[in-house]
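Peer 1:
Number of protein chains: 2
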Amino acid sequence: MSKVTAGATMSLDGFIADANHGGFEQLFAWYGAGDTELPSGLPDMPFKVSAASAEHIRQTKERLGVLVVGRRLYDMTNAWGGRHPMDKTTVVLTHQRPDDRPEDDDNFVFVTTGIEDAVAKAKEIAGDKDVGVNGGEIARQCFDAGLLDEVHVDLVPVFLGSGIPLLGQIRDAPAMLEGPISVTQGTGVTHLSYRVVRK
Amino acid sequence: MSKVTAGATMSLDGFIADANHGGFEQLFAWYGAGDTELPSGLPDMPFKVSAASAEHIRQTKERLGVLVVGRRLYDMTNAWGGRHPMDKTTVVLTHQRPDDRPEDDDNFVFVTTGIEDAVAKAKEIAGDKDVGVNGGEIARQCFDAGLLDEVHVDLVPVFLGSGIPLLGQIRDAPAMLEGPISVTQGTGVTHLSYRVVRK
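Read top to bottom, the protein sequences are chains A and B. Note that the working numbering has the first sequence beginning at 1, numbered continuously upward. Note that the working numbering has the second sequence beginning at 200, numbered continuously upward.
1. Per DSSP, what are the beta-bridge partners of Q384(B) in this structure?
2. By the 8 angstroms beta-carbon criterion, what residues does the segment 167–192 of chain A contribute toward chain B?
3. Would a check of beta-carbon distances place Y74(A) closer than 9 angstroms to chain B?
4. Please state the DSSP three-state secondary structure of T342(B).
5. Near T311(B), which residues of its chain fall below 7 angstroms by C-beta distance, leaving aside the five closest residues on each side in sequence?
6. Sorted by chain position, which residues of the same chain lie with C-beta nearer than 6 angstroms to V265(B)'s C-beta, five sequence neighbours on each side aside?
7. Considering only DSSP beta bridges, list what S11(A) is partnered with.
8. Since D13(A) and P364(B) should fall inside the 8 angstroms C-beta cutoff, what is the C-beta to C-beta distance between them, to a whole number of angstroms?
9. Quick check on P389(B): buried or exposed, where buried means 16 or more other Cβ atoms within 10 Å of its Cβ?
10. For chain A, find out if any of its Cβ atoms is closer than 9 angstroms to the Cβ of V330(B); answer yes or no.
11. Between P98(A) and chain B, is there a C-beta pair that is closer than 9 angstroms?
12. Ends of the alpha helix (DSSP H) at D274(B)?
13. Quick one: list the residues of chain B neighbouring G65(A), beta-carbon separation under 7 angstroms, in chain order.
14. Report the residues of the segment 5–32 of chain A with a CB closer than 9 angstroms to any CB of chain B, ordered along the chain.
15. Let me know if G281(B) comes out buried or exposed under the rule of 16 or more other beta-carbons within 10 Å of its beta-carbon.
16. Quick one: does the C-beta of I138(A) sit closer than 8 angstroms to a heavy atom of the ligand MN?
17. Applying the 10 Å Cβ sphere with the 16-neighbour rule, what's the burial state of N333(B)?
18. When we look at the beta-carbon of S193(A) and count the other beta-carbons within 10 Å, is it buried (16 or more) or exposed?
19. Could you run through the segment 156–167 of chain A and flag, in chain order, every residue whose CB is less than 7 angstroms away from some CB of chain B?
20. For V352(B), return the contacting residues in chain A, with the cut-off set at a CB-CB distance below 9 angstroms.
21. Taking the Cβ atom as the reference point for each residue, do G146(A) and R198(A) lie within a distance shorter than 9 angstroms?
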């Protein structure tokens, strides 16, 4: 059955990005910490992760049918050069469709009417595959709306001190999860997944 | 060789306590999530943890020779009723020795001259055993002073949304760690340990 999962690489102190200190280098060091090549979306610059992480990512990718992201991530990555590196159709939640994309296509679908509609559209595209939600603010909106089934964390041994939290100020804190329902130890990263408990 | 380790039960979003929402119940749920009894420091009220967590705690306790805590934790717990539940001599870093404890004893030793002296005193007491540092503010001071060797996290699947961070605003962020050097999966908790990288 199709699940809605939020996934992120997260520091040991709970941040998925740190604009001030430039923590990206440390957060994503594990993408270069092994010797198993993975397509990165950039030609001639594959990721090189541990065999365990490569297998974990392969399985995740296989289960995912579609992605949901916020407009900020879409703009920040410059639309990933035209297609998301996970090679999936990506639903972008935005207030206004970008001028240079008058129509939806297999790469990007735009939804302007809120998180419920974005996830509904994503589920329609995903069929029996999973919907992957990325970006802290979008993940929090999904969590608060009761739309999230699982949280997948790639836990990285770095302290950023401050930054953008995985979910941030969720409405119904404290919120217990079940699990971890899976633990995979890579090099420089621990892949953990948890099941969201519906109240 | 004696190591200085900071240990804490931490939420998935990086908090060791949440005064506002009362997250303690969720953070420490794993202490009652199994069927292996552990002394809690309270008579007739043992913890009941999973067998894996019990063995993990037994090993940690065996390695620890002494604890270092801040005055806040000491006051908050009312001096743990007279002795720390880990059954170790506890060095308390404080500005002023409490009136009701004019002299150090096997239960509590007071240091008023800063974190370096507190850790030095603790190492003296610990001999070849480890020094355990508890409480976010004290752990951060140790980290910033380059006194910390390992960080031990009992990671709990709960989102608190806000609260007291494990280390908080460390001086030299971002700071990479090595590991996890050990991963133990309990029930409702993942025990992770990391090695601090000295710069």
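We treat Cβ as the ideally placed atom computed from N, Cα and C, and that holds for glycine. All values derive from a computational prediction rather than experimental measurement.
Peer 2: Let's see:
1. T389(B)
2. L167, G168, Q169, I170, A173, P174, A175, M176, L177, E178, G179, P180, V183, Q185, T190, L192
3. no
4. Looking at the sequence itself, residue 342(B) is Phe, so the reference to Thr does not match. Correct three-state label for F342(B): helix.
5. T293, H294, Q295, R296
6. K287, T288, A321, I324, A325, V330
7. V156(A)
8. 6 angstroms
9. Residue 389(B) is actually Thr in this sequence, not Pro. Buried.
10. no
11. no
12. 270–275
13. Those within 7 angstroms of G65(A) in chain B number zero; the least Cβ separation is about 26 angstroms.
14. M10, S11, L12, D13, G14, F15, D18, N20, H21, G22, G23, E25, Q26, L27, A29
15. exposed
16. With respect to small molecules bound, the structure shown includes none, and the ligand MN cannot be examined in it.
17. buried
18. buried
19. P157, V158, F159, L160, G161, S162, P165, L166, L167
20. L12
21. yes
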